[in-house]
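Protein chains in written order, with my numbering: chain A, 1 to 302; chain B, 303 to 604; chain C, 605 to 906; chain D, 907 to 1208.
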C-alpha cells in the first residue's frame, strides 16, 4: 500500500463541568474544562468507516461527568488520572489515554470578614492545568502526570535590563538597564511519581514562580525563567522537569519630548503584537524519561 | 439638500497605557485602556474632506499619555474628567467630549507576608470602568461621571429558584426551587456630583453588589438585580442611578440516570450559549437628568 | 418610595440556530444567531420575585426554533419581524419586543464548476445583521426594521490622504498625501417601511458601500463614510437612515532606514491598538422618526 | 550540577506585516503574521544573563520586515524559507531556525465586473499557513517546509452517519444514519522537497480537501479525514505527509415535539462546547523522515 495512516487520536474536548459539594452547609465548587483523548486500535474507523472499536466522544463526555459525581474532583490530578486509567483499563481498543483538565479558581464571598457558605466570585486570571497520560494496562501500565498553570500575568516595574546583546545589520534596539518586564506565564511541571498532595504542591509552586520572578534581578527574561524553573526543582524533589513559555509583553516608554514633556520611566504603551516568546525546559539530571507526557493535541495543529 | 449628516463623533479608542509611580522605592502601577470621543463642529471633514477643525486621533492619544504623566491616574474618574474637560475647554471645535477608561487590577507580590516593592500579579477577572462626559465650556459647562465594573463573575450554588412563570405553547421548562445562579455582571453607576473619594467608593459598591447577590434568596435574577441596585443607592447618597446587565449563565444539571447514577444537584454542565440576559436600571426618584451620561460609541454599532 | 425601577428588559441572547431546507436534493442552509428581548409589565419580577408575567427565556429560545421550522428563515428580516410581532401580539405582558439576528454566510462547494447539492464552505468575514422592533398591538402597533452588516474588512493601498488638520500642543503627527486606509466596517440601515426584497437589498447595499470605499479619493475616513452613506440613500429610496461605525485600522510604514533600506510605501506594520474610531449617521431630511429602532441591549452595558 | 537546561528556544511572535506591490497601477497586497524562532548556543543567556549570543527579537522583527521589502512575499513558503535560512546561515550562534507565517486572504473589489486596482475586501475565513525549518549550515544544512491552512469551516447537511459504535456503561448516544457534519479544519502538509509552485499547490490542495469532504459519504469524521488526506497525497507526488485536526462541531437536532412540532432534520442547535476532536496523519510509505518539521512553540505550552 502506498499511503499509511500514521499517528491518530480522538476524544471529546472542552467538557465544561461544575462540581458542587453540598453535603455540608458550606458548599465547595470546582469549575473544570475536561478534554479526553484516546489512542489505540481505531484504524478501521479511518480506513473503512467501521466504528466497532470506537467509543463515542459522547460517552467520554458522560464518563467525565460520571467520574466527577462518583469519584469527585477535589484534587485535579487525582480526577484526571482516574479518568485516564479508566479508559486505558476498561475500554478494549484503547492503548493510551490522555486527560487534560483546566480548573478556574473561585473564591468565597466575604461578608464582614466571614465566609459565605454558598456564594463565590471568580478570582485571578490564571488557570490551573493538569494532564494525565496512561499507556497500557496491568503490570505494564505506565503513567505520567503533568501539572501547571497558564495566564499567570506578572509585571516588574524595575529590576530588569537588556544589554550586551548580539548585533547584526538589522539591529536597531537600544540597550537598557531599567525596563518594565511583563509576561503571561505558562508553566507545566512533570511529576516523578503519579501521586502527591496535589493542591498544596500547586500552591507552593505557583508561589515559588512568582517569588523568583519578583526577586531575580533580570538581565534577560531567559535568566528569569531559568531561575524560576530551578527554584521549583530545588523546592520540590518530586518534580522531574518544568517547562516554561513566556511572552515578553513589551511595554514601550512613550516619547513625549515633542510635546515638551520628559517621560522618565513613568508612562508606557502596553503593546499587543509582536511579542518576544522565550521558552525553556529545566530538568533534574536524573529525571526519568518524559515519554508521551508532553504530547498534546496541538501537535497535530501546529 | 436631500441627505443630512446627523449624529457624528470620532476619537481614539483603546490606548493601552501603563502609568508607574516610582518616586518612592515602593512603586505603584495603573494599567489602563483609554478611549476618547469628540463631538462638535466636524461636519466639514465629512462633507468636504476639510480637516481644519479635526484634532487628529493621534493627538488625542498623545494627550491621554501626557495627562497620565502630568496629572496622574491615581483616581480613575479624576483622570478621565480632566482629559474630557481639556478637550471641551481647549479644543475650539469641540462641543462635547467623552472619555472612557478601563482599569485592570494588579496586586502586589507577597513574599513571606511582606509586600514586594515593584513586582505585581494581575488579580481578579473584573475590570473597573469609568466614563466622563463634558458638554460646553465656561459657566454653561455640564459634566457627568459614570463609574462601573464589568466581568465580575458570580455564582451561587443554592439559594435560587425559578417558578410560577408565564407559560405559553412553547414553554417546556420545568420549575425549580433550587438551582445554580451565575452571572458575569456589568454594573454602571451615575454620580450626582462629579467628585468623590473615587477609589473608596468603587471598593464599597463592588462589595455591596457582591453581598446582595450572595444574601438575597433569589426568586429570579431580576429580583437579585433590583436588590443589588437598591442597596447601592441606599448605601451611597451620591449615586443617582445604577444600571445592571446580567447574563444568566446557565448551569444545567447533567442527567446521568441512563448511566445508572442519581445526580442530586452535584454535577452541572456550564453552557456557553444561548444565555438569558436581564437588564435593569434603578434610580433615585429625585435623580438629576442623565443627559448623555449613558451614551456610548456602541450606539452606532448596535 | 425613594428608589425607582426605571428601564428594564430581558430576553434570550445568542441562540445559535441552523436551518436546513431539504425538500429538494439541493439543500439550502441558513446559519443564525438569534437574540430576543422583551419590554413590558415585568416590574413584579424585580420588585417581588413574582414571575407570573415572565415568559421564560427558555420559551423564547424554543419560539425562535419553532418559527425557524414553521415560518422559515429565507429572508432574515421577515423571520425577525415575525418573531418580534409574535411576542408583541401574543404574550400579554409584552409592550415591546426586539429581535436581533446575525447571519453567517456559507457558499456552496464547487466541483468542476458545478454546485454541490449539500456541502458548504463558510465564506467572507462579514456578518449580516437585522433588528426588528415592534411596539404595541392591534391598530396602534408600530414596527421598525434595521438591517446591516459588521466585520466587513476593507483596505485601500492608495487613494487616501490626511492633511491640513488642527494642531495643538500634543500634535506630532505628520501630514500624508498617500497612506493605507483600512477599516472593519459596521453599517446599519433603517428601512422606511417594514417590507422589501430583503436579500436583494442587502446585496446591493453591501456592494454600494464597497464601491464607494474603493472609488472615493479619501481626504479623511470621515469623508469616505459620508459618501458611502449618501450613496446608499441615493440608490435605495426605502432607506431612511444609515449609521456607520469605522475603526481606522492603522497601517504604519516601517522605518527601515537604520537598516540601510528605503521603504517607499511597501512594508507596513498592521497595528492592533489604539485605533481611530469614526462614526456617523446619514439620513434623508424627510426620514420618519427613528423611535426605538437603534436601541440595543448594549445601552445597559456601555 | 543537579539541574539541566534542556530544550530552549526564543524568537519574535506575531509580527503583523502588510506588503504592498505598487510598481504597477494594479497593486498587489499580502497580509502576513510572521513568527521567528531560533535554537542554538543560547545557554549563557539563561544560566548567566549573558546576551553576547542573543540576537534581539527586535532585530528578528526588523529582519522579517526587511526581507519582505527586499525579497518580497509573493510566495509564502519562499519568503519563510529565505528568512529561516538567513538566521541559520548568518547568525553565528543559531543552530536551527523556524519561521512560521500566516497569510490572510483578500480579494480585489469588483466594479461592474472589473477589478479595482487598489481596493480590497478580506475574503474567506481560512488562514493559509507555512512553517520553514532550517538546521545547520553549509553542505550539512537540512530544510523542511510544511504548508497548510486553518479555520476552513465546512458543513454537509446530509451524507453523514454514525452508527455501529462501541458501547459501554456510559454510552447513551443514539445511532444516526443522517446527520449534519461540520468542522473547522486544520490541515498541514509536509513537502518532500523545499521547492514548488507554492501558490498553485495551495489552491489545489485546498480544493482537494473540500471536494473529498463534500463527496465522501461519511460513516465517521475519521473516515472523511483519511479520504481527504489520501486524496491530497494521490494528487501531489511532492507531498510526503499530511496531518489533519478536525473538531466535530456538533449540530443537535432540536426536539420540538413538546411544542407540537415535528422537526425532521430541519432545525439544529449549533453547539459551542464540548466538541469531538479527531486527528490523524496520512503519509506515503516512502516519506522521508519528518525531523523537526512538525515541532511548534506550542510544544512548550501544552
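By construction, the Cβ of each residue, glycine as well, lies at the ideal position given by its N, Cα and C atoms.
Secondary structure at residue i, three-state DSSP: helix, strand or coil?
i: residue 277 (chain B); result: The structure shown does not extend to residue 277 (chain B), since chain B is modelled only from 303 through 604, so no value can be given for it.
i: residue 11 (chain A); result: strand
i: residue 1112 (chain D); result: helix
i: residue 1030 (chain D); result: strand
i: residue 1138 (chain D); result: helix
i: residue 380 (chain B); result: helix
i: residue 977 (chain D); result: coil
i: residue 46 (chain A); result: helix
i: residue 766 (chain C); result: strand
i: residue 83 (chain A); result: helix
i: residue 478 (chain B); result: strand
i: residue 957 (chain D); result: coil
i: residue 823 (chain C); result: coil
i: residue 898 (chain C); result: coil
i: residue 1133 (chain D); result: helix
i: residue 996 (chain D); result: helix
i: residue 114 (chain A); result: strand
i: residue 237 (chain A); result: coil
i: residue 564 (chain B); result: coil
So, at 6 Å on beta carbons, what are the nonlocal neighbours of residue i in its own chain, with the 5 sequence-adjacent residues on each side left out?
i: residue 936 (chain D); result: 925 and 979
i: residue 342 (chain B); result: 395, 396 and 397
i: residue 1051 (chain D); result: 983, 1038, 1097 and 1100
i: residue 454 (chain B); result: 428 and 487
i: residue 578 (chain B); result: 550
i: residue 490 (chain B); result: 448, 450 and 545
i: residue 462 (chain B); result: 481, 483 and 520
Between the options, which lies nearest to residue i when the distance is taken from Cα to Cα?
i: residue 1090 (chain D); options: D:1096, D:1131, D:944 and D:1066; result: D:1131
i: residue 661 (chain B); options: C:870, C:883, C:893 and C:825; result: Residue 661 (chain B) is absent from the model: chain B starts at 303 and stops at 604.
i: residue 775 (chain C); options: B:317, B:365, B:456 and B:584; result: B:365
i: residue 319 (chain B); options: A:285, A:289, A:255 and A:278; result: A:255
i: residue 552 (chain B); options: B:561, B:580 and B:588; result: B:580
i: residue 664 (chain C); options: C:703, C:627 and C:628; result: C:703
i: residue 525 (chain B); options: B:540, B:539 and B:548; result: B:548
i: residue 196 (chain A); options: A:147, A:241, A:154 and A:180; result: A:147
i: residue 358 (chain B); options: B:350, B:370, B:462 and B:339; result: B:339
i: residue 1189 (chain D); options: D:1012, D:1144, D:1177 and D:959; result: D:1144
i: residue 1147 (chain D); options: D:1119, D:1187 and D:1159; result: D:1187
i: residue 1072 (chain D); options: A:300, A:48, A:301 and A:54; result: A:54
i: residue 381 (chain B); options: B:368, B:392 and B:393; result: B:368
i: residue 561 (chain B); options: D:1207, D:1079 and D:1026; result: D:1079
Note down, in chain order, each residue of its chain lying with its Cβ closer than 8 Å to the Cβ of residue i, except the 5 sequence neighbours on either side.
i: residue 235 (chain A); result: 204, 205 and 208
i: residue 142 (chain A); result: 134, 135, 136 and 291
Just list the residues that DSSP pairs residue i with in beta bridges.
i: residue 37 (chain A); result: A:98
i: residue 1157 (chain D); result: D:1176
i: residue 1186 (chain D); result: A:8 and D:1150
i: residue 458 (chain B); result: A:119 and B:483
i: residue 1052 (chain D); result: D:1037 and D:1096
i: residue 925 (chain D); result: C:871 and D:936
With C-beta atoms as the reference, is residue i less than 9 Å away from residue j?
i: residue 1096 (chain D); j: residue 7 (chain A); result: no
i: residue 406 (chain B); j: residue 501 (chain B); result: no
i: residue 233 (chain A); j: residue 909 (chain D); result: yes
i: residue 317 (chain B); j: residue 773 (chain C); result: no
i: residue 674 (chain C); j: residue 1015 (chain D); result: no
If you drop the 5 nearest sequence neighbours on each side, which residues of the same chain put their C-beta closer than 7 Å to that of residue i?
i: residue 163 (chain A); result: 175, 176 and 177
i: residue 981 (chain D); result: 1104 and 1105
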